[in-house]
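> Heads up, the sequence shown is in our numbering, so the first residue is 3 and it goes up one at a time.
Structure incoming, see below.
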Amino acid sequence: MKHAVDLAWKENMAFATEIDGHVLQLDASEEFGGNDTGMRPKKLMLASLAGCTAMDVVSLLKKMRINFDTFHVIVEGDLTEEHPKKYHSMNIIYQLTGADIPRDKVEKAVSLSKDKYCGVSAAYKDSIELSFEIRINE
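This is the structure in structure tokens:
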């Protein structure tokens, strides 16, 4: 299966693409010649990882009949100092709230996402150090 996107230049440093019927706007900050009208490409890498693993984990927890009140995935990325500036590490934090959430089941869902299902983390893991945390609050 092949995926493709068509990214069109709009003006200055602004670009747009349509993915699955949704428009995604990219732009640089004013400091770098843009107008700050869209997202930054590197931060989308963090969002892609968060979205991929979040969908996996929620799907797996639902199959395990694990209930939660809130669920967040926070991805923190550390950039290199030199150019090309790239992420050398990312920390993925799974944050859940709810009563009686079994940690072992959440750990299993995270492990399955990390090792089997999430294509984004599979693509990143060879060049970016990935670490994982689970935070459960009632």
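Heads up, the beta-carbon is just placed ideally off N, CA and C, and yes, glycines get one too.
In this structure, what does DSSP give as the bridge partners for M41?
L28
> Within the same chain, show all residues whose beta-carbon is closer than 7 Å to that of S1, passing over the 5 residues directly before and after it, in chain order.
Not covered by the structure: residue 1. The range shown for the chain is 3 to 140.
> Leaving aside the five residues before and after D80 along the sequence, list all residues of the same chain whose C-beta is less than 7 Å from its C-beta, in chain order.
Y89, H90 and S91
> I want to know whether the region 102-112 touches the region 60-77 - three or more CB-CB distances under 8 Å.
yes
> In terms of alpha-carbon separation, which member of G40, D22 and T39 lies closest to H5?
D22
> Could you please give the first and the last residue of the uninterrupted alpha helix (DSSP H) stretch that includes S1?
Residue coverage of the chain in this structure runs from 3 to 140, which leaves residue 1 outside it and unanswerable.
> Residues in its own chain within less than 7 Å of K12 by CB, not counting five upstream and five downstream?
Here the set comprises A18.
> Please list, in chain order, all residues of the same chain as H74 whose beta carbon is under 7 Å from its beta carbon, the five residues on each side excluded.
Q97
> Out of curiosity, what's the CA-to-CA distance linking D102 and C54?
25 Å
> Go through the region 32-107 residue by residue and report every complete run of the beta strand (DSSP E) that reaches 3 residues or more, in order.
72-81 and 89-99
> Going straight from the alpha carbon of V25 to that of G40, what length do you get?
Near 11 Å, if we compare the C-alpha coordinates of G40 and V25.
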